[in-house]
Each structure stands twice: as C-alpha cells, then as structure tokens.
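Chains E and G supply the protein sequences, listed in that same order.
Just so you know, the first sequence maps onto residues 1 to 419 in our numbering.
Just so you know, the second sequence maps onto residues 420 to 477 in our numbering.
Following: one structure in structure tokens, then a few remarks.
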Amino acid sequence: MIDIEKANGEALSRLLSAQPLLVGMGKAKDTVPGMKDRMLLHAGPPLTWETASGPIRGGVMAACMYEGWADTPEEAEKLAAGGAITFDPCHHHHAVGPMAGIVSPSMPVFVLENRTAGNTSYVTMNEGLGKVLRMGAFAPEVIERLRWMEKVLYPVLDAGIRLSVERGQEVDVKNIVAQALHMGDELHNRNKAGTSLFLRAIAPFLVETCKNAAELAEVIRFIDKNDHFFLNLAMAAAKASTEAAHGVEGSSLVTIMARNGTEFGIKVSGLGDDWFTCQAALPDVLLFPGFTREDTNRDIGDSAIMETYGVGGFALAAAPAIVQFIGGTPKDAANYTLEMYEITGGENNMFTIPALNFRGTPTGIDILKVAETGVTPVLDTGAAHREPGKGQVGAGIVRMPAEAFLKAAGAFADRYLGE
Amino acid sequence: MSVTKLLKEGPKVVNIGVEQFYADLKTQKAEAVSMDWKPSAAGGDLLARLKKLRKGGN
Numbered sequence: 001m002i003d004i005e006k007a008n009g010e011a012l013s014r015l016l017s018a019q020p021l022l023v024g025m026g027k028a029k030d031t032v033p034g035m036k037d038r039m040l041l042h043a044g045p046p047l048t049w050e051t052a053s054g055p056i057r058g059g060v061m062a063a064c065m066y067e068g069w070a071d072t073p074e075e076a077e078k079l080a081a082g083g084a085i086t087f088d089p090c091h092h093h094h095a096v097g098p099m100a101g102i103v104s105p106s107m108p109v110f111v112l113e114n115r116t117a118g119n120t121s122y123v124t125m126n127e128g129l130g131k132v133l134r135m136g137a138f139a140p141e142v143i144e145r146l147r148w149m150e151k152v153l154y155p156v157l158d159a160g161i162r163l164s165v166e167r168g169q170e171v172d173v174k175n176i177v178a179q180a181l182h183m184g185d186e187l188h189n190r191n192k193a194g195t196s197l198f199l200r201a202i203a204p205f206l207v208e209t210c211k212n213a214a215e216l217a218e219v220i221r222f223i224d225k226n227d228h229f230f231l232n233l234a235m236a237a238a239k240a241s242t243e244a245a246h247g248v249e250g251s252s253l254v255t256i257m258a259r260n261g262t263e264f265g266i267k268v269s270g271l272g273d274d275w276f277t278c279q280a281a282l283p284d285v286l287l288f289p290g291f292t293r294e295d296t297n298r299d300i301g302d303s304a305i306m307e308t309y310g311v312g313g314f315a316l317a318a319a320p321a322i323v324q325f326i327g328g329t330p331k332d333a334a335n336y337t338l339e340m341y342e343i344t345g346g347e348n349n350m351f352t353i354p355a356l357n358f359r360g361t362p363t364g365i366d367i368l369k370v371a372e373t374g375v376t377p378v379l380d381t382g383a384a385h386r387e388p389g390k391g392q393v394g395a396g397i398v399r400m401p402a403e404a405f406l407k408a409a410g411a412f413a414d415r416y417l418g419e
Numbered sequence: 420m421s422v423t424k425l426l427k428e429g430p431k432v433v434n435i436g437v438e439q440f441y442a443d444l445k446t447q448k449a450e451a452v453s454m455d456w457k458p459s460a461a462g463g464d465l466l467a468r469l470k471k472l473r474k475g476g477n
C-alpha cells in the first residue's frame, strides 16, 4: 500500500536539499543533451508548428534567422512550416526557457549542477524586456542582440565562470535566490536584487579574465540594464532542484509546470514521464501603454518552474514593490502567498519571507490538494503579444487552470488505487 | 434568535465563499464576517477516489 505522505516527504526533501551551482557555459549543440542540428527547443509541453502560438512562431522565426537558416521572416516561416525543423520541449533536455523558451543549436547556455544529486540543467542568457526573441519578436535588432550575446557576452562570462570553478568558488545560485527574497524579489517577475547579487558574485572573476576593458564594460552595462538577467539562472536552479524530486513512487508533488502559449502542462513525481495538459490560461494582466486585452497571447513559458520551486507567485509576500509592475496592493501580494500554503506539501527551509516572520515559502505543489481544495497555483508572469514579432504586452497575475491537475489526480488514483 | 430580536437588532451574518456578498452587506453596514471557501475542484467520483487513496487504498 502506498504511503503518499512518506513519498511526498521524500520528494520534498530531494527538492529542498538540492544545491544548484553555476558550473559552466557552452553552445547548446555541444552542451545540451540530445540537442541536434535543425532542432529548436521550446517552452511548455510538446507542440507542432500547426498548434504553435504566435510568440512561439515568432521566436522560431527569429531563431531561424539567427542560425542563418533563413534570411527573412517569410523564409523562416516557410522553413518551419515545411517540416524542416524538429521541435522538442526544453524540459525533455533538462533545460528551461522563459516565455517562448526557444533554444537553438548556436545559442550559448549556462550549465548548473545540483551538487546533492549530481544532475545538471541548462538555460540560455536573458535578453532583457520588450522586443526580444523570447517574447516572439524577430526584428533586426533582436537578431543583432542575440549575435552580440554570442560573440561578446558569452566569452566574457564563460571565462569568468571557468575561473570561479577552477578556484572552487562556483556561484551558488540557490543562495542568491534566498538572499534576493530578503531584498524584495520574488524571482519570477522581479529579479532586480538577484541580478545585482549575481553581478557582485561574478564580477571579480570577469575582471581577472577579461583583458578588453571596453567589452567588460559593455557586459556589465548589459547585465545592469536588464533586471531580469538573473531569472534564467534562477530557473535553471529551479529545474535542477525539481528534477531531482521527480520519480518518487507514490508522490503527488508537481515537478514541472510549463506553458507553450497554447497548452498548460504538468508532470508529477510519482506519475512517470506523462504530461497532463489542458488549454493555457488567458492572462488578465497589467498592460503596457498601447496594448489591449485582445492583444494578449495565452499563458506561455517554462518560468512556471519558479512557482514549482516555491518562489515566484508563491513568494509574492516577499516582494511588495512588485505590485507597481503587476497590479494590486502589497496586501494582495501577501494573500496570494498565504493561499498557496493550502496546496503545497511543506515550507521551504532556505527561502523565507521576512514579512511573514521568516516563514518558509510554500513549496511542493500537491495535485491532490489542488483537486481537493479547488485552489490553483498563482503565477506572476510576463505576457506576450498573440501575433508573432510584436513582443511583450504586459505583466501580472495568472491562475493555472485546474483541469491539468484534475487529469493528473485521476491518473494518480488509477495508478495507486489499482482499480 | 427570536423574530422580534432579529427585527429589532438586525441579522448577524456569516458569509461563506463569494466575497462580494460580504462586501454588499458591509456597504449596508450590516454585521457580517466572511469565510474564504471554495468548492472542491474535483467532482464527486474523483473526490471519493482521492479520499480512498488518503485512507491507504484498498
């Protein structure tokens, strides 16, 4: 007979004891397991070009031009629609990607290692806000920025990270997440403190390894101007930790939540490799000037791994200032966190919230509790334009749809009741 | 509470669920408290099976 409590305790313990460190960088084609030529990874559960949403299509088109597979958006669209490209979820390659989450073979990726379990995770570098590939934009400046990131940002960071590893002083990403929560970040839509702390940690190694002062200044300015730079690193830390919690027989804890702009999908520790999916939510977010609700695409991105990890929307009580970006009041932000304790397996032993007397963040979403209570996970996220090429339209709070959790709960009952 | 007392003192209301009903009472200065509650997301059959699981299966 299965002991769900015990199994969930084991899964939660694996998640909480994970120690994700930044151990390197590399081109996706040389680094990400299973990455192939003419393959593009994307956010969320599996999709086809036909079912792909606007931002995914836009991101694919941008990646085709960045890789040199196409010269124009029209050529890129024709190539992608013609079946010449293999699409695969980031999650099938131990990777995560914010928003469209497109990873192409030449893109540099960070490599994180969970020192406790030995598993690794991968993520691209964050491009910034607005017109960027991950929001489905493919204008010339988007491609130009990606090329600069490959030619300048990547080598400078790579050299610094190598030195930190040689000295046994790897950047401890989890530690930065914990500190940033005490500095007003919730690590999904606010990464201002995390980005600053990362820069502080890596800067001495960059200075020691980069012999070109002008390039080093460019790199530091780029990271400084992009408050979301740390998001990708935090996502990879979350991935390395939640993946370690996967595969515990009898555990009803969620190890993946992800959206591809069309569908929302989850995976559950004790339910093998199956995705449980439903239509993605339509975010009702605070819009940037000039956009309307009709412009908004359905919810998108692997960044829901942050809530799966016990931060993001689950740690909103730590980030009262974020309401200026996503709407609501600081009290609303605190209430979201309090509500999430109803559907989680435990409280975080390292991520704490000063405003709640340093209570640990609600961690380890339990599909059975979601099904029983009707409370669904809350995310604070960015929203993309529904048409390819337009970029970000706003940011705000989104509830994950119950249907995927109910399907998973049904499968869980089938498997463990043996009926 | 007797009917006379109710008419004299007004009702004391405990609202369960939809908060708007509570907000409406408060705007009319009625004495009320609200309890945050949602029905289960799962239907009867699934809920019964989950209950069985919680008790340790067959």
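Even for Gly, the Cβ is constructed at its ideal location relative to N, Cα and C.
Close Cβ partners of residue i (< 6 Å) along its chain, the five nearest in sequence each way excluded
i, result
"Ser251 (chain E)", "Ala7, Asn8, Ala11, Ser269, Gly270"
"Asn477 (chain G)", "Low confidence applies here, because Asn477 (chain G) scores a pLDDT of 47, under 50, leaving its location unreliable; read the following figure in that light. Within the same chain, Asn477 (chain G) has no close Cβ partners at all."
"Glu263 (chain E)", "Pro45, Thr277, Ala280"
"Leu153 (chain E)", "Val219"
"Arg57 (chain E)", "Pro388"
"Thr381 (chain E)", "Val398"
"Arg14 (chain E)", "Ala244, Ala245"
Contacting residues, own chain, Cβ-Cβ under 7 Å from residue i (five flanking each side not counted)
i, result
"Leu129 (chain E)", "His228, Gln392"
"Arg115 (chain E)", "Gln19, Leu21"
"Leu112 (chain E)", "Pro20, Leu21, Leu22, Val23, Thr120, Ser121, Val173, Ala236, Ala237, Ala240"
"Asp88 (chain E)", "Met39, Leu41"
"Pro330 (chain E)", "Pro320, Val323"
"Gly312 (chain E)", "Glu186, Leu187, His188, Met306, Leu379, Asp380"
"Asn142 (chain E)", "The sequence as given places Val at residue 142 (chain E); Asn does not occur at that position. Excluding sequence neighbours, Val142 (chain E) sits near Ala62, Lys131, Val132, Leu133."
"Ala408 (chain E)", "Ile266, Val268, Leu271, Phe276, Ile367"
"Ala404 (chain E)", "Phe264, Gly265, Ile266, Phe276, Thr277, Cys278"
"Pro33 (chain E)", "His93, His94"
"Tyr416 (chain E)", "Ile2, Gly250"
Residues that DSSP places opposite residue i in a beta bridge
i, result
"Pro20 (chain E)", "E:Asn114"
"His42 (chain E)", "E:Pro89"
"Ser453 (chain G)", "G:Asn434"
"His424 (chain E)", "Here chain E has residues from 1 to 419 only, and residue 424 (chain E) is not among them."
"Gly26 (chain E)", "E:Val109"
"Met257 (chain E)", "E:Ile266"
"Arg399 (chain E)", "E:Val378"
"Ala245 (chain E)", "For Ala245 (chain E), which the question treats as bridged, DSSP gives no partner whatsoever."
"Gly394 (chain E)", "E:Leu287, E:Ala383"
"Ala95 (chain E)", "E:Tyr122"
"Asp464 (chain G)", "Beta-bridge pairing links Asp464 (chain G) to no other residue."
Pairwise C-alpha distance: residue j and residue i
i, j, result
"Ala413 (chain E)", "Ala317 (chain E)", "34 Å"
"Ile343 (chain E)", "Gly374 (chain E)", "9 Å"
"Ala193 (chain E)", "Asn297 (chain E)", "29 Å"
"Asp284 (chain E)", "Gly261 (chain E)", "14 Å"
"Met125 (chain E)", "Gly410 (chain E)", "38 Å"
"Ile365 (chain E)", "Pro458 (chain G)", "19 Å"
"Val248 (chain E)", "Ala43 (chain E)", "24 Å"
"Thr376 (chain E)", "Glu208 (chain E)", "47 Å"
"Asn335 (chain E)", "Cys210 (chain E)", "46 Å"
"Ile266 (chain E)", "Glu170 (chain E)", "31 Å"
"Ala333 (chain E)", "Ala213 (chain E)", "42 Å"
"Gly462 (chain G)", "Ala315 (chain E)", "30 Å"
"Pro362 (chain E)", "Ala178 (chain E)", "14 Å"
"Lys471 (chain G)", "Gly418 (chain E)", "11 Å"
Close beta carbons around residue i, own chain, < 8 Å, minus the five adjacent residues each side
i, result
"Lys424 (chain G)", "none"
"Leu79 (chain E)", "Cys64, Trp69, Ala70, Ile85"
"Asn434 (chain G)", "Phe440, Tyr441, Leu444, Ala451, Val452, Ser453, Met454"
"His385 (chain E)", "Gly54, Pro55, Met135, Gly136, Phe291, Asp295, Thr296, Asn297, Gly391, Gln392, Val393"
"Leu466 (chain G)", "Ser459"
"Phe325 (chain E)", "Asn189, Arg190, Leu286, Ala395"
"Asn349 (chain E)", "Leu16, Gly360"
May I have a chain-ordered list of the alpha helix (DSSP H) segments no shorter than 4 residues that lie completely inside the region 265 to 336 of chain E? The qualifying runs are 305 to 308, 323 to 326.
Enumerate, from N- to C-terminal direction, the unbroken alpha helix (DSSP H) stretches of 4 or more residues contained entirely within the region 175 to 241 of chain E. 192 to 209, 213 to 225
Jot down the residue ranges of each uninterrupted alpha helix (DSSP H) in the region 114 to 147 of chain E, minimum 4 residues, whole runs only, in chain order. none
Near-chain G residues of the region 387 to 417 of chain E (beta-carbon distance less than 8 Å), N- to C-terminal order: Ala402, Phe405, Leu406, Ala409, Gly410, Phe412, Ala413, Tyr416, Leu417
Could you list the residues in the region 127 to 149 of chain E with a C-beta less than 8 Å from some C-beta on chain G, going in chain order? Contact residues of the region 127 to 149 of chain E toward chain G are absent (C-beta to C-beta distance below 8 Å).
Give me the subset of the region 365 to 377 of chain E whose CB atoms are less than 8 Å from a CB atom of chain G, sorted by chain position. Leu368, Val370, Ala371, Glu372, Thr373, Gly374, Val375, Thr376
For the region 10 to 40 of chain E, list every residue whose C-beta sits within 9 Å of some C-beta in chain G, in sequence order. The region 10 to 40 of chain E vs chain G, Cβ under 9 Å: nothing.
Scan the region 339 to 378 of chain E and note each continuous alpha helix (DSSP H) run of 4 residues or more that stays entirely inside, going in chain order. 367 to 373
Where the region 52 to 65 of chain E meets chain G: residues whose CB sits under 7 Å from a CB there: none
When Cβ atoms are compared, which residues of the region 264 to 275 of chain E fall closer than 7 Å to chain G? Within the region 264 to 275 of chain E, no residue qualifies.
Beta carbons nearer than 7 Å to chain E: which residues of the region 442 to 463 of chain G have them? Lys457, Pro458, Ser459, Ala460, Ala461
Cβ-based contacts, 8 Å cut-off: residues of the region 422 to 443 of chain G near chain E: From the region 422 to 443 of chain G, no residue has a Cβ closer than 8 Å to chain E.
Between the region 336 to 350 of chain E and chain G, which residues of the former have a C-beta closer than 7 Å to a C-beta of the latter? none
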